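Position 229 (the sequence shown) corresponds to 229 in the UniProt record's numbering; numbering is contiguous.
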Amino acid sequence: MSNGKFDRLFDASFDAAFENAVEQPQDQTIVDHRPSWQKVRHRIAKQRSRTRMISRLSKLAIVAASILVGAAIFGNVRAVRAIEPMYATLMEYPSGIMGFIFGRDEDKDESNAKTLPPPDYFEGLDVEQVGDAVVAKVTREQASKLLSFRAPTFNYIPEGVSFKDVTIDFFNKRDRADQVRYNFENKQGVVMYFQLINAKYFPSFGYSGASEGVTVKSIKLSNATGILTTSGNRTYLEVFVDGVGISMSCPFPSEEVIRIYENMFK
1 MSNGKFDRLF DASFDAAFEN AVEQPQDQTI VDHRPSWQKV RHRIAKQRSR
51 TRMISRLSKL AIVAASILVG AAIFGNVRAV RAIEPMYATL MEYPSGIMGF
101 IFGRDEDKDE SNAKTLPPPD YFEGLDVEQV GDAVVAKVTR EQASKLLSFR
151 APTFNYIPEG VSFKDVTIDF FNKRDRADQV RYNFENKQGV VMYFQLINAK
201 YFPSFGYSGA SEGVTVKSIK LSNATGILTT SGNRTYLEVF VDGVGISMSC
251 PFPSEEVIRI YENMFK
């Protein structure tokens with residue numbers, strides 16, 4: 001009998017004897033170590049599984065990094081850059097608004113624009129299309145830069161009256177407003193307004209005539225002749241001077257309204 005055959009027969013006999021001994025009733029004084037071995041085997045299996053997972057993730061990270069490096073070296077450089085070199089321009093618009101404009105050099109080419117740009121004078125303004133006019137809410141300082149005529153300074157306003165707001169109107173796509181309305185109010189919330197228009201584009205204005213409870217008369221002012229109208233507690237003054245039509249509506253006596261007008265441009 002060869003040594004190899006003997007070894008195989010011996011191993012088979014030993015395994016059979018071991019299995020037979022395991023199946024026999026055991027002495028309770030002998031400790032069975034199989035449960036402890038099963039726990040150890042379970043922990044070893046978990047550790048091996050965790051090690052394999054870490055190894056796989058490490059390989060994936062290496063592959064991803066290799067792809068990015070390859071794209072940066074051999075691919076489109078523009079695709080891997082976060083932002084192209086940029087320029088910044090400080091813009092000051094006719095409305096008085098200032099701000100920085102950022103972009104890329106290639107964006108300066110206007111042929112790439114999808115739509116027509118808005119007029120510069122609309123930048124920074126709260127605008128609304130109303131009929132044929134574009135109406136904008138502005139500050140008094142902005143209005144002075146956007147009107148097609150000299151803006152009033154209001155050097156005299158009665159006590160208890162404060163500035164409320166101002167709106168300007170653009171017509172026929174012109175870059176200067178041809179109409180403006182200044183609103184003031186007193187502590188009771190009563191509004192008085194001053195409306196100025198470029199008479200070149202509004203050839204006529206004025207009160208149509210007297211009616212019951214309303215008086216209309218011509219009045220000589222320092223630089224023009226005006227139409228003074230009184231109705232109840234309100235006084236209206238309309239003047240045409242230097243190509244500008246001025247209309248005022250105030251909750252004051254005529255003497256106070258005339259004083260306001262005489263100090264509008266001083």
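A virtual CB, placed ideally from N, CA and C, is assigned to each residue, including glycine. Computed from a prediction, not measured in an experiment: that's the story for all the values here.
- Comparing alpha-carbon positions, the option among V166, V257, D178 lying closest to V244 turns out to be D178.
- Going by DSSP, L146 is part of the alpha helix (DSSP H) stretching over 140 to 146.
- Of V190, L237, L196, S231, the smallest CA-CA separation from S148 is found for L196.
- Ranked by Cα distance from D126, the first of I168, G213, S162, I227 is I168.
- For E128, the three-state secondary structure derived from DSSP is strand.
- Closest by C-alpha distance to E255, out of I157, F171, Q188, K137, is I157.
- Residue state for R259 is assigned as helix, using DSSP reduced to three classes.
- I157: not part of any beta strand (DSSP E); DSSP gives it neither H nor E.
- Around the C-beta of G226, 16 or more other C-beta atoms lie within 10 Å, and the residue is accordingly described as buried.
- Distances from the CA of G131 to each of N172, A199, Q142 were compared; the closest alpha carbon is that of N172.
- In the structure shown, S254 falls within a helical segment according to DSSP collapsed to helix, strand and coil.
- For Y182, the CB contacts under 6 Å within the same chain, skipping 5 residues up- and downstream, are V166, F194 in chain order.
- Contact annotation, R140 with F265: C-beta distance approximately 14 Å; criterion of less than 8 Å not satisfied.
- Around the Cβ of T235, a 10 Å sphere holds 16 or more other Cβ atoms; the residue is buried.
- Membership of Q179 in the beta strand (DSSP E) is indicated by the continuous run 179 to 186.
- Beta-bridge annotation (DSSP): K220 is paired with T225.
- Distances from the alpha-carbon of Q188 to those of T215, K164, D175 put K164 closest.
- Nearest to N233 by alpha-carbon distance, out of F154, S249, L221, L146, is S249.
- Taking a 10 Å sphere around the C-beta of Y201, we find fewer than 16 other C-beta atoms and assign the residue as exposed.
- For E212, the secondary structure class from DSSP, reduced to helix, strand or coil, is coil.
- Of the residues G160, A224, V180, the one whose Cα lies closest to the Cα of A143 is V180.
- Excluding sequence positions up to five before and after S162, its CB lies within less than 7 Å of the CB of F184, E185, all in the same chain and listed in chain order.
- The shortest C-alpha to C-alpha distance from E128 to any of L146, E159, F170, Y261 is the one to F170.
- Distance check between V191 and each of P251, E238, F240 places P251 closest, using alpha-carbon atoms only.
- Here DSSP, grouped into helix, strand and coil, assigns G245 to strand.
- Only residues of its own chain outside the window of five on either side were considered, and among them F240, G243, V244, G245 have a CB closer than 7 Å to the CB of A199, listed in chain order.
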